[in-house]
Amino acid sequence: MLKKNYYIYIMTNKWNNVLYTGITNDLKRRVFEHKNKIIKGFT
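Structure below.
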């Protein structure tokens with residue numbers, strides 16, 4: 001059976017007035033997406 005790791009993350013914006021929470025199996029990619037605003041809005 002193939003085992004995948006998943007990550008729960010909590011991040012904020014640079015003004016610390018929004019919290020982003022989520023779950024992903026590719027944390028580096030997801031942080032990159034947030035920082036570069038690749039996905040608009042909340043997912």
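1 is the number of the first residue of the sequence shown in the UniProt record's numbering; add one for each residue after it. Beta carbons: idealized from backbone N, C-alpha and C, even for Gly.
**Study point:** Uninterrupted beta strand (DSSP E) stretches inside the UniProt domain "GIY-YIG" (4-43) (no shorter than 3 residues)
**Key:** As far as the UniProt domain "GIY-YIG" (4-43) is concerned, its whole beta strand (DSSP E) runs of at least 3 residues are 7-12, 19-24.
Review point. Under the rule that 16 or more other beta-carbon atoms within 10 Å means buried, what is residue 59, buried or exposed?
Key: Because the chain here runs from 1 to 43, residue 59 falls outside it and cannot be looked at.
**Study point:** Residues near Y20 in its chain [Cβ-Cβ closer than 6 angstroms; skip 5 each side]
**Key:** Setting aside the 5 residues that flank it on each side, Y20 is surrounded in the same chain by M11, each with a C-beta closer than 6 angstroms to its C-beta; the list follows chain order.
Point to revise | Nearest residue (CA-CA) to N5, options E33, I23, V18, V31 | key: In terms of Cα proximity to N5, the closest of E33, I23, V18, V31 is I23.
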